[in-house]
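Only one structure is covered here, and it is reproduced in the block below.
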Amino acid sequence: MSQTQNIQWFPGHMTKTRRQMEKEIALVDAVAEIVDARIPASSRNPDIPKLLGKKPMLIVLNKCDMADANATNEWIKWFEGRGISAIALDCRSGKGVNQFVPKVKDMLREKIKANTEKGMAGKPLRLMVVGIPNVGKSTFINRMAGANKAKTENRPGVTRGSQWFAVDRQLELLDTPGILWPKFDDITVGEHLAFTGAIKDNVMDIELLGMRLLETLSISYKAELTKRYGELDFGLEPYDLLCCLAKKRGMVIRGGEYDTLRASAMLLEEFRNCKIGNITLERVE
Ligand code: G4P
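Residue numbers (the working numbering): 14 to 298.
Put into structure tokens, the structure is as follows:
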């Protein structure tokens, strides 16, 4: 589990990170934002588009092994249709990672052309990698660059703690230490981050969370729920639907009541481990 998950998001951190990023964006050719393919909207940082200026942006839909492949393709088209490059990766297994370098080169073809015209054809491209905690930013950097820390002499402007990693001789990644935040004034965003485990369970009401997840899944993933748990009555109110799930799993407590807390914890755990299926909680508009 990422250590950054233990650090609180609070305004002081946010301002510091924002300023640091503003400074460092000037040092790179583009920004790659790592997002969770199951929740591509909620796992984004709301300020990045403003901080970018005119620099190109690549969205990495990470954890695509856990997401719904059709939805991931729709998201790629959606981003590309808005002038944002996008690729889907599974950084844990390494699936799709070969697409990364060609995608970056395609995104920065104008820059490469300009460098070549200036007689600097071999100049490495530089990319800042950003992402809210738990999207897999460290896994991504490890996968792309391993321990290949680039030489950092003669590089003014880089904040203490920031590190350059060489993917190859033509591409370097800048990892900044600041914690980026999601759009957490939005309840749905908070819920979706909690469903995927990006926000720790011990600050959440598990029973309520499980009930909301069940309600959410019963909109687009009825077939998957039925396959996993048997026939559920989707016409029921959310709490009664959770009771129905507890009943299916024989989760009963003394007095014959359904153990909805256990059912909720089980549902969350099975969702996070992809036992219900490959699921994307957010669709393109
Ligand atoms: P961060 O730097 O953005 O905070 O995230 P980090 O790389 O620490 O990854 C967070 C969790 O997500 C890790 O799991 C990591 O293995 C997992 N992960 C990263 N990329 C992928 C991916 O493409 N697919 C899947 N399925 N998982 C991915 P963890 O349970 O916290 O740790 P561990 O069990 O891997 O040790």
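Glycine included, each C-beta is placed from N, C-alpha and C at the ideal position.
The residue from L74, N83, R32 with its alpha-carbon nearest to that of K63 is R32. DSSP places S231 in the helix class (H, G or I) of the three-state scheme. When the beta-carbon positions are compared, L226 and F153 stay at least 9 Å from each other. According to DSSP, W177 shares a beta bridge with L187. For the options S98, L294, T293, the alpha carbon positioned closest to that of I72 is the one of S98. If you draw a straight line from the Cα of G109 to the Cα of E220, it is about 36 Å long. Here DSSP, grouped into helix, strand and coil, assigns M79 to coil.
In this structure, the straight-line span from the alpha carbon of V117 to that of G132 is close to 21 Å. In the three-state DSSP reduction, R122 falls in the helix class (H, G or I). Here the distance from the Cβ of F153 to the nearest heavy atom of the ligand G4P is below 8 Å. Non-local C-beta neighbours of F92 in its own chain, meaning closer than 6 Å and more than five positions away in sequence, comprise I72, A99, ordered along the chain.
In terms of Cβ geometry, L193 and T30 form a close pair [threshold 9 Å].
Closest in C-alpha terms to K196, from the list A39, R241, I145, comes I145. Relative to the ligand G4P, the beta carbon of M79 is positioned inside 8 Å of a heavy atom.
Inclusion of G149 in the 8 Å shell around the ligand G4P follows from its C-beta lying nearer than that to a non-hydrogen atom of the ligand. T189 places its beta carbon less than 9 Å from that of E37.
Considering only M120, L186, G174, K124, the residue with the shortest C-alpha distance to V143 is L186. Between the beta-carbon of L281 and that of L222 there is about 6 Å, and that keeps the pair under the 8 Å contact cut.
Rounded to the nearest whole angstrom, the CA to CA distance from E270 to A259 is 10 Å. L245 has its alpha-carbon roughly 7 Å from the corresponding atom of T239. Taken in chain order, the complete alpha helix (DSSP H) segments of 4 residues or longer contained in the region 39–121 are 61–65, 82–94, 113–120. With a 10 Å radius around the Cβ and a threshold of 16 neighbouring Cβ atoms, D218 comes out exposed.
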